[in-house]
Amino acid sequence: MQIAFIGAGNVGAPLAAHLAEAGHAVTLAESRAASDTVARALGRSPRLRALPLAEAVEAADVVVLATPFSTLATLLPPLADRLAGKVVVDCTNPVGPGLRHGLHSERSGSAFVQDLLPAARVVKAFSIYGFENLEDSTWAGAPPAMLFCGDDAPAKAATADLIRACGFEPVDVGGLAQALHLEHMTLLWIRMVRAGGHSPHLAWAVLRAA
Ligand SMILES: NC(=O)c1ccc[n+]([C@@H]2O[C@H](COP(=O)([O-])OP(=O)(O)OC[C@H]3O[C@@H](n4cnc5c(N)ncnc54)[C@H](OP(=O)(O)O)[C@@H]3O)[C@@H](O)[C@H]2O)c1
């Protein structure tokens with residue numbers, strides 16, 4: 005699969021490297037002339053390459069959003085036509101002051117993304133943990149759960165494959181309307197780990213009775 009990452013920092017860099025090493029054609033979009041994070045991320049895998057933003061997006065089947073949420077309102081509208089019909093994996097989280105929901109829990113960040121990209125097939129994924137858990141692709145015992153949601157079934161199936169390639173069990177929690185609840189789950193994780201003293205390698209598992 006052709007995958008473009010917009011954002012190659014704490015979140016984008018490890019995911020891009022895992023997916024490149026799993027055999028996908030992964031590009032890191034350069035939105036400015038020189039990006040330190042893109043340069044550092046390229047060092048993670050010889051299979052990664054960088055392309056200017058428009059070219060990276062044009063060539064991709066799947067575009068992963070991994071920039072600060074505050075960038076999206078200006079970053080995405082010029083890309084809306086190019087992203088029409090593509091799978092857009094939204095890893096961003098609107099986190100507001102005091103570790104509260106950045107959109108006052110009135111709507112999800114992913115709904116905000118979908119509004120900016122009306123013809124894209126938005127899936128929220130890779131958002132419920134801190135970056136530490138994205139670095140590790142191997143876990144003792146069963147893989148941890150990666151909850152994801154979206155309205156387009158083929159887009160979700162493609163995303164589930166990417167989640168598996170990054171070492172997680174994909175757990176489809178429903179339509180994009182569930183994104184608000186995933187974002188609150190993220191806030192729970194952040195509050196537990198960043199403020200509450202839990203390990204950053206805390207992850208969730210889904211257990212099913214036989
Ligand atoms: N950190 C976590 O633990 C974590 C976990 C899950 C989800 N998230 C979410 O994932 C997103 C990324 O977080 P992060 O920690 O990876 O951030 P980060 O380390 O600061 O990396 C941000 C990336 O976005 C790029 N970027 C910044 N402004 C941009 C713009 N206007 N246009 C294009 N690219 C831009 C940066 O490029 P330059 O270096 O060139 O500026 C960098 O590659 C956030 O929405 C965050 O809420 C974070």
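Numbering (the numbering used here) for the sequence shown: 5 to 214. Ideal Cβ positions, reconstructed from N, Cα and C, are used throughout, including at glycine.
Specify, as a first and last residue, the run of the alpha helix (DSSP H) that residue i falls within.
i           : result
residue 126 : Counting along the chain, residue 126 falls outside any alpha helix (DSSP H), though it belongs to the beta strand (DSSP E) covering 125 to 128.
residue 147 : No alpha helix (DSSP H) contains residue 147, which DSSP labels as neither H nor E.
residue 110 : No alpha helix (DSSP H) contains residue 110, which DSSP labels as neither H nor E.
residue 165 : 157 to 169
residue 194 : 183 to 194
residue 135 : 135 to 139
Within this structure, are the beta carbons of residue i and residue j separated by less than 8 Å?
i           : j           : result
residue 24  : residue 30  : yes
residue 117 : residue 76  : yes
residue 180 : residue 126 : yes
residue 2   : residue 208 : The structure shown does not extend to residue 2, since the chain is modelled only from 5 through 214, so no value can be given for it.
residue 123 : residue 88  : yes
residue 46  : residue 57  : no
residue 64  : residue 90  : yes
Nearest-angstrom Cα distance between residue i and residue j?
i           : j           : result
residue 22  : residue 67  : 15 Å
residue 135 : residue 18  : 8 Å
residue 72  : residue 212 : 35 Å
residue 182 : residue 137 : 22 Å
residue 210 : residue 190 : 16 Å
residue 15  : residue 42  : 12 Å
residue 185 : residue 114 : 11 Å
residue 196 : residue 171 : 23 Å
residue 48  : residue 139 : 11 Å
residue 176 : residue 11  : 24 Å
What is the DSSP secondary structure of residue i, counted as helix, strand or coil?
i           : result
residue 152 : strand
residue 22  : helix
residue 104 : strand
residue 81  : helix
residue 36  : coil
residue 55  : strand
residue 8   : strand
residue 96  : coil
residue 210 : coil
residue 17  : helix
residue 29  : strand
In the DSSP assignment, find the beta strand (DSSP E) that holds residue i and state where it starts and stops.
i           : result
residue 40  : Segment 40 to 46 is the alpha helix (DSSP H) holding residue 40; no beta strand (DSSP E) there.
residue 66  : 66 to 69
residue 197 : Careful: residue 197 lies outside any beta strand (DSSP E) and carries neither H nor E.
residue 175 : 173 to 176
Would you say residue i reaches chain B, if we count a Cβ-Cβ gap shorter than 8 Å as a contact?
i          : result
residue 91 : Looking at the structure shown, chain B is missing, and only one protein chain is on hand.
Whether or not the region 118 to 135 and the region 82 to 98 are in contact is what I'm after, with contact meaning three or more pairs of Cβ atoms, one per stretch, closer than 8 Å; do they touch? Contact holds: three or more Cβ-Cβ distances are below 8 Å.
Segment contact flag, the region 101 to 113 with the region 53 to 61, C-beta cutoff 8 Å, min 3 pairs
no
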